[in-house]
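Heads up: the structure comes next, in structure tokens.
Residue numbers (the working numbering): 68 to 636.
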């Protein structure tokens, strides 16, 4: 029985039983990003978040990665809704790309909804997607689920956990959160709602694991604001602060730093401009200073400029990366200018950020990171904060999510240390039954990855991407062959090698021609009449020659023309 048919068998069982409560992560378990979670009960499914991640060098030419919603696509008639916890890309970014695969109502609070509207408008889906803007106060009835938003502090406006009530018990899906008793935007956390929830009874806590290796609390945004004011006040020349575009509290901080230090504020980066626009339209950033157009920034006295821009993780097309390589149309940095990376260096980005730091250092630009000054606090809970959350909510079971495998394992260990008897470390595709008896892995649903390749959403394993990856590492050779009526080569093969060492060497080229001709001559005549057989023989011949001569195993494309085709044309 396939995973899909087994999962459908579970659905049939659920329809017979009121006591079946399932949790199924399709993204975000064992990885950072691409959060997509499903809760199943009484034959229905509730989706929580639908996020994306950014591609790396393993996927040349690809920008975005999404979870594959194949399972819920097959069950979309029983999908009661998609509830979004907050507006970060790893929680909402896939909505415009995947929604047509599972079509269901979407629920979000005002700021998150404003961000989603912008994405849907760009995708031409704004009039198609039923997007419900909720106040976050009244519960949402999505039978058989009752969903209550729980305001929590995070590094974006309107961060929320979700209290999901079912006939079996209450699930607390924390979303992304932290403790901050002095939040600059959003509610103070801890919240009395959490303790009240614990008193009523939490069957399972499904929780953020991203920062579990930090033993202390993450800290307050208010402290970062005071530190940045002091740092910028002591700097001469131009100051650039790059941070996460979605961090509305940090953007407000940068605005306050500009006012406190007498500098004019400039925004660089479409995503940052989009977030500021959404924040203002939903009641945030009311005292944000007036902005200077980016095309005017280079004309202002250097000591009077503060630039907020995107690219704090070294994204090659973001504003700070383009500035560093002198590729920005309006702004260039000069010696003794300053760039502050007001963000955490996310694991995996060290190399690309190191290259960016060096590009700036070569220009004699002063680079300040979290390792140099206190300029950032995380939006995720350290172990001290997780311990308090468990103390307040008193969950019967715990399911760590949102992190790499090692994060989930450490979170599960922490939960057990805090007295939670039933924990499980999920993998994407695991179907987990939640009950008063504990947690049980009952099935495996199909899961995978999709990518945005140009304008097309295709499989992570798409042949075109594999060919491109091979070409990026080993080069590529196009071979053109013309056959006569007798199945013999009518002319010398023509080749176009790309990305190969010695490609301009005549002896290398001639050797490859010999390898191709030999491969064809060794074929039986009836086999030479088959394009498929010829293509495979030539591919093998070219690759063997290249491995022997230059140690490369290139991709090979074979174009075949037969004389009868030429005469017909």
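Beta carbons are placed, not taken as given, at the ideal position from N, Cα and C, and that holds for glycine.
Decide if residue 522 is buried, meaning its Cβ has at least 16 other Cβ atoms within 10 Å, or exposed. Flag for residue 522 reads exposed.
With the cut-off set at 8 Å, would you say residue 285 and residue 278 are in Cβ contact? Their beta carbons are under 8 Å apart, which means residue 285 touches residue 278 by this criterion.
Is it a yes or a no for the stretch 420 to 436 touching the stretch 240 to 249, going by three-plus beta-carbon pairs under 8 Å? No, the stretch 420 to 436 does not touch the stretch 240 to 249.
Can you tell which of 531, 456, 514 and 483 has its C-alpha closest to the C-alpha of residue 217? That would be 456, whose Cα lies nearest to the Cα of residue 217.
Along the alpha helix (DSSP H) that carries residue 261, what are the first and last residues, could you check? 259 to 267 is the span of the alpha helix (DSSP H), which, as asked, contains residue 261.
Beta bridge counterpart(s) of residue 526 as assigned by DSSP: Residue 526 pairs with 517.
Close beta carbons around residue 108, own chain, < 6 Å, minus the five adjacent residues each side: Only 88, 211 and 233 meet the Cβ criterion.
Note down, in chain order, each residue of its chain lying with its Cβ closer than 6 Å to the Cβ of residue 193, except the 5 sequence neighbours on either side. Excluding positions up to five away in sequence, the list reads 187.
Give the DSSP-derived three-state secondary structure of residue 133 in the structure shown. Residue 133: strand per DSSP, three-state reduction.
Would you check if there are 3 or more beta carbon pairs closer than 8 Å linking the stretch 248 to 264 to the stretch 449 to 463? The stretch 248 to 264 makes contact with the stretch 449 to 463, as at least three CB pairs between them are under 8 Å.
Pick helix, strand or coil for residue 370, following the three-state DSSP scheme. Three-state DSSP puts residue 370 in a helix.
Per the contact definition of three or more C-beta pairs closer than 8 Å, is the stretch 298 to 306 in contact with the stretch 332 to 347? Between the stretch 332 to 347 and the stretch 298 to 306, the count of C-beta pairs closer than 8 Å stays below three; the two stretches do not touch.
Rounded to whole angstroms, what's the CA-CA distance from residue 410 to residue 417? Just pull it up for me. Distance between the alpha carbons of residue 410 and residue 417: 13 Å.
Own chain residues within Cβ distance below 8 Å of residue 336, not counting five before or after: Beyond the five residues adjoining it in sequence on each side, residue 336 comes within less than 8 Å, by CB distance, of 312, 376, 377, 378, 385 and 386 in the same chain, given in chain order.
As a quick exercise: from 124, 94 and 516, pick the residue whose alpha carbon is nearest that of residue 115. Looking at 124, 94 and 516, the one whose alpha-carbon comes closest to that of residue 115 is 94.
With respect to the alpha helix (DSSP H) encompassing residue 177, which residues constitute its N-terminal and C-terminal limits? Run containing residue 177: 177 to 189, per the alpha helix (DSSP H) assignment.
In terms of alpha-carbon separation, which member of 213, 141 and 430 lies closest to residue 174? Nearest option by C-alpha distance: 213.
Where residue 585 sits in the DSSP three-state scheme: Helix.
Between the Cα of residue 64 and the Cα atoms of 369, 200 and 489, which residue gives the shortest distance? Look at the range of the chain in this structure, 68 to 636, and you will see that residue 64 is not part of it.
Which runs of the beta strand (DSSP E) at least 3 residues long sit entirely within the stretch 416 to 478? Give them in chain order. Segments of the beta strand (DSSP E) lying fully in the stretch 416 to 478: 433 to 435 and 462 to 468.
On the three-state DSSP scale, how would you describe residue 630? Residue 630 falls in the helix class under three-state DSSP.
Would residue 283 be called buried (16 or more neighbouring beta carbons within 10 Å of its own) or exposed? A residue is called buried once 16 or more other Cβ atoms fall within 10 Å of its Cβ, and residue 283, having fewer, is exposed.
Cα-Cα separation between residue 662 and residue 181, rounded to whole angstroms: Because the chain in this structure spans residues 68 to 636, residue 662 falls outside the shown range and cannot be described.
Same chain, Cβ closer than 8 Å to residue 454, neighbours up to 5 away in sequence not counted: Cβ neighbours of residue 454 beyond the five flanking positions: 481 and 485.
Endpoints, beta strand (DSSP E) assigned at residue 27: Nothing can be reported for residue 27: it is not among the residues displayed for the chain, which extend from 68 to 636.
Take residue 272 as the anchor and find which of 542, 547, 597 and 483 has the nearest alpha-carbon. For the residues 542, 547, 597 and 483, the minimum Cα distance to residue 272 belongs to 483.
Measuring only the C-alpha atoms, how far is residue 149 from residue 466? Cα to Cα, residue 149 sits roughly 20 Å from residue 466.
Span separating the alpha-carbon of residue 605 from that of residue 127: C-alpha separation (whole angstroms): 26 Å.
Is the beta carbon of residue 308 closer than 8 Å to that of residue 373? Yes. Within cutoff.
Rounded C-alpha distance that separates residue 254 from residue 236: Pairing residue 254 with residue 236, the inter-Cα distance amounts to about 26 Å.
Can you give me the C-alpha to C-alpha distance between residue 603 and residue 579, rounded to a whole angstrom? A direct Cα-Cα distance of roughly 15 Å separates residue 603 from residue 579.
Could you work out which residue in 249, 170, 201 and 209 is closest to residue 227 when comparing CA atoms only? The option with the nearest alpha carbon to residue 227 is 201.
Leaving out the 5 sequence neighbours to the left and right, which residues in its chain are closer than 6 Å to residue 515 when beta-carbon positions are compared? 135.
For residue 339 and residue 316, I'd like the C-alpha separation in whole angstroms. When rounded, the distance between both Cα atoms is 13 Å.
Looking at the structure shown, is residue 255 part of a helix, part of a strand, or coil, going by DSSP? Coil at residue 255, not helix or strand.
Coil, strand or helix - residue 564 by DSSP: Reduced to three states, the DSSP call for residue 564 is strand.
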